[in-house]
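S.K.:
Numbering (my numbering), first residue to last: 977 to 1160.
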């Protein structure tokens, strides 16, 4: 039996990944990789990529729920395929799914939960759109979520000679946010 690598994800900086990490460690993960960002895309999921690259034959990638890996059927199946290509196992705690390339029902279950994630994503966007439309109908000006990143702080650190990765670490933001702040 190989090692178990855990993977945790939260959607925003104000959420805490520690609960997921503790649960994954309790389930046997020797190290837990974690990303901050929405599950709608695999783009920018550097820690997930790192975890998959480290998998060796017989190892296991463990996630608590399918939506922690992805909210898209194709992405979820892509992750599973990449894990299997490394002769490793993708295990999801709840619902219990073990994808090792030998059980068609595990792939069917992964597909179903990927579809459920896509539906949830659709419903979230529809509710958001209705809220924006209602605000506009009341005459409110919708400006989106308030900025949480100080462009001045980003520019100051850049002026000090720091790269995007170091700026992101210091400000506890994503690199893409650094690039957006610098471009604005």
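We put the CB at the ideal spot given by N, CA and C, even for glycine. Computed from a predicted model, the values in this text were never measured in an experiment.
1) Could you check whether the stretch 1111-1126 touches the stretch 1088-1098, counting it as contact only if at least three pairs of C-beta atoms, one from each stretch, sit closer than 8 Å?
2) According to DSSP, simplified to helix, strand and coil, what is residue 1066?
3) Run through the stretch 989-1019 for me and flag every whole alpha helix (DSSP H) of 4 or more residues, listed as ranges in chain order.
4) Going by DSSP, which residues form a beta bridge with residue 1096?
5) Check each candidate in 1047, 1077 and 1138 and name the one with the smallest Cα separation from residue 1100.
6) Under three-state DSSP, which class holds residue 1159?
7) Check the C-beta distance from residue 999 over to residue 1040 and give it rounded, since I have them as a contact under 8 Å.
8) Quickly, what does DSSP pair residue 1036 with across the bridge? List them, please.
9) Distance, Cα to Cα, residue 1158 vs residue 1079?
10) What is the DSSP secondary structure of residue 1073, counted as helix, strand or coil?
11) CA-CA distance, residue 1140 and residue 1037?
12) Residue 1014: which of 995, 991 and 1005 sits nearest, CA to CA?
13) I need the DSSP call for residue 1121, collapsed to helix, strand or coil.
14) Kindly confirm or deny that the stretch 1149-1156 and the stretch 1011-1027 touch, where touching means at least three C-beta pairs closer than 8 Å.
15) Report, in whole angstroms, the separation of the C-beta atoms of residue 1031 and residue 981, which I expect to be a contact under 8 Å.
16) When the Cα of residue 1049 is compared with those of 1156, 1103, 1033 and 1084, which residue comes out closest?
17) Are residue 1143 and residue 1156 closer than 8 Å when you measure CB to CB?
18) Can you tell me whether residue 1114 is helix, strand or coil according to DSSP?
19) According to DSSP, simplified to helix, strand and coil, what is residue 985?
20) Determine the burial state of residue 1042: buried for a count of at least 16 other Cβ atoms within 10 Å of its Cβ, exposed for fewer.
M.R.: Result, derived from the coordinates:
1) no
2) strand
3) 994-1002
4) DSSP, once it has assigned bridges, lists no residue as partnering residue 1096.
5) 1047
6) helix
7) 6 Å
8) 980 and 1065
9) 48 Å
10) strand
11) 29 Å
12) 991
13) coil
14) yes
15) 7 Å
16) 1084
17) no
18) coil
19) strand
20) buried
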